[in-house]
Each structure stands twice: as structure tokens, then as C-alpha cells.
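Asker: Taking mature numbering (1 follows the signal peptide of the UniProt record, and there is no 0), I'd label the letters of the sequence shown as residues -30 to -1, 1 to 288.
So that we are looking at the same thing, I have put the structure below in C-alpha cells.
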Amino acid sequence: MNRRRLALRLCATTIAATLLAASAGGPASALTLGNTGSGRPALALAGARMYIAWAGSSGTAAAKQLVVGYSTSAGLRITKVPGTERVPQGEGAALDTDGTGVYVAWPAGDNGNTLTAAYTTGSALTCRTAFTGIVTAHAPALASDPAGVRHLAWTGPDGHLNVARLNTAACAAGGALTLTNRVVLADTSVAGPALVYDDSGSSNLGLVLAWAAGDGAHSVQIGSFTGSAVLGHRSQVTAAVGSTAAPGLSSATADLYVTFRGDNGSVFYGYSEGCIPTCFHASDLGEQAGAGVGQPADGDYHYYTYFDPTGHLVVSRL
């Protein structure tokens, strides 16, 4: 097991104990917070912290406050990172950990939804970079491999999925982030994508995307990215209902997992059982979500986040 995954497991163990202690400790533990907002929230684990990012309640519909914060108590108390960034209502941000802090990416609601990224260890957003000319109306997705190579995925104005490498080396000296090796995929999405690096030991597909295709069946599609405009290992999630909301993906040491809000408003959760192509069979958890369902990009404890129908942030764990 690499150091990054071991650190995430230790962090997840601590946070899981807190979350279970704060709830009834049943098969699924859900903590409803006092924070409100919209869209698909994001989680990432770094050290002893759970970082959380979401579209807050203040601001205009086109430019809600981007809230980035961290908690050492599974969300019971969140320390917010100072900032004035904005995102569209009903969207949000992406998070990816380097074990010390997190990289954040979002559509800047006060700058024409320009794709923007930054880094934080909790005190401020640093290395902030707006990628001029790259626009996304929906929340993007971030993922990195065990070597620290980081990728960013987003939905372009034409609906096509995009994937590029997010280069972060200059950030250590306060420099800007850069995007290279951009690929525009043939597939389209009606919401923000999910992205994860699958080194689970089960399917080991590398970079994997999930997205809401917006077809007649409202299918949630899955595919692996290897640098080509055509995805490999194609499949779709099998569930009682479909979805047009942004999904979430997670890779653990034994499997690959997916979450999404079904057309019936319920949170769905599924796993692939190591299938290649993936063969997710998702089940209704009986929890109601107002929008997309997010998961951390990595970790052996299966956290997922969403806003309930009243607009309150929920952190849940199976």
C-alpha cells in the first residue's frame, strides 16, 4: 500500500469514529449539518482533516459563494477558508488531496463560469489560476494517481466532456497552475462529471469517468480515459431509475464505487465488484437528495455528501 493511501486510511478511520459517535451508528450514518447550499458538494481527506466544498446560500443565482472548509469532527464543526470566490447556483467545486492540503477547481460564477483552480492547506486559497477561454457551466472533477499526476475533467459549453492534466509543480513556489494535454471527448453530459483514479486492486482501470448522459433512459455512464477522445471499458450503471444529476466516484482497496441522485430523488449507491468493463448495480439508500451526490476521490471509508430537500448539507458514511 502506498503512503498516500495509508495516510487516507488513517484519516478515514479517525473521521469514521467521530461520525459514528455522533449518530446512531447504524448501517448507514448520516449527519445533517446546519450549513445550507445547492448542487453537488465535494469531500477530500488530508491528514486529520475532512475538507468540504460547496455552493453556499449567499450571493446571486449566477454567483453563489464558494464555501471551502475543513473539519476534524466529520463535519460537526467546519472551519471555513477565507475567500470571496463565486460559483453558479446548483453547481459547486471539485477537491483532490495531496495528503497535506487540497486542490480546488470550480466554474467562476463572477467570471463567466471560467474554469478556475487553487490550492489550500486551510488558511487561504493560493496559486489561484483562471484558465482563460475555458468555460464550464457545471462543477468539474479532480483526481490524481499514486505518483501525484493530477487530472481535471469538466463539461464544456457544448456539453462535451473534457479531460486535461493539471500541472501543480509551480504551486510550491507560489506560481500558477497550468493545463496541458487537453482532450475533448465524443461523449456529452448534462451535468458535471465524476473522476477517480482506480488502483483498487480489483479492476485497476486507471482514470475513470462517470457522467449523466441525458439520454432517454437518463443513464449514468462509465468509461476509462487513456488519453484518447474515445473512452474504453464502457458501461452504464444498472439501477431502478436513472439520473440527470452529477454523480460521484470513489476507489477503495477492494472496489470502485458510484453514487448519484436518482430521478425519484433518492441517493443511489453501487459498486463494481471488479468487473471489466465495470458492472455497477446501484441500490436506493432511502435518503433524499436535492441535487448531485459527491464522494471523496479516494478512501476506504465510503463517505458521500449531498444537500437534502431542505438545502442542508449532509455527510454520510456506509
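Quick reminder that beta carbons are idealized off the backbone N, C-alpha and C, glycines included.
Model, not experiment: these values are computed from the prediction.
1) Quick one, which of 174, 23, 183, 176 has its alpha-carbon nearest residue 163's?
2) Would you tell me roughly how many angstroms separate the C-alpha atoms of residue 98 and residue 281, rounded to the nearest one?
3) For residue 142, which of helix, strand or coil comes out of DSSP?
4) Let's test the definition: count the other Cβ atoms within 10 Å of the Cβ of residue 52 and tell me whether it reaches 16, buried, or not, exposed.
5) Quick check on this structure: which residue in 243, 250, 246, 222 has the alpha carbon closest to the alpha carbon of residue 230?
6) With DSSP collapsed to three states, give me the class of residue 35.
7) From the DSSP secondary-structure annotation, give me the bridge partner or partners of residue 205.
8) Quick one: using the 10 Å Cβ neighbour count with 16 as the cut-off for buried, is residue 200 buried or exposed?
9) Is the beta carbon of residue 178 sitting closer than 9 Å to the one on residue 221?
10) Excluding the five sequence neighbours on either side, which residues of its own chain have a C-beta within less than 7 Å of the C-beta of residue 253, listed in chain order?
11) Measuring CA to CA, which of 67, 63, 248, 132 is closest to residue 18?
12) Looking at the secondary structure, which residues open and close the beta strand (DSSP E) in which residue 258 lies?
13) Would you check if there are 3 or more beta carbon pairs closer than 8 Å linking the segment 210 to 220 to the segment 134 to 149?
14) Taking the continuous beta strand (DSSP E) assigned at residue 104, which residues delimit it?
15) Whole angstroms is fine: what's the gap from residue 111's alpha carbon to residue 158's?
16) Measure the C-alpha to C-alpha separation of residue 277 and residue 263 and round it to an integer number of angstroms.
17) Would you mind stating whether residue 10 and residue 109 have Cβ atoms separated by less than 9 Å?
18) Give the straight-line distance between the Cα atoms of residue 274 and residue 265, rounded to the nearest whole angstrom.
19) For the beta strand (DSSP E) that residue 22 lies in, which residues bound it at each end?
20) Residue 91 bridges to which residues according to DSSP?
21) What number of angstroms, rounded off, separates the C-alpha of residue 132 from the C-alpha of residue 118?
Answerer: Reading from the atomic positions:
1) 183
2) 29 Å
3) helix
4) exposed
5) 250
6) strand
7) 192
8) exposed
9) yes
10) 238, 239, 240
11) 67
12) 251 to 258
13) no
14) 96 to 105
15) 15 Å
16) 8 Å
17) yes
18) 4 Å
19) 19 to 29
20) In the DSSP output, where bridge partners are listed per residue, residue 91 has none listed.
21) 20 Å
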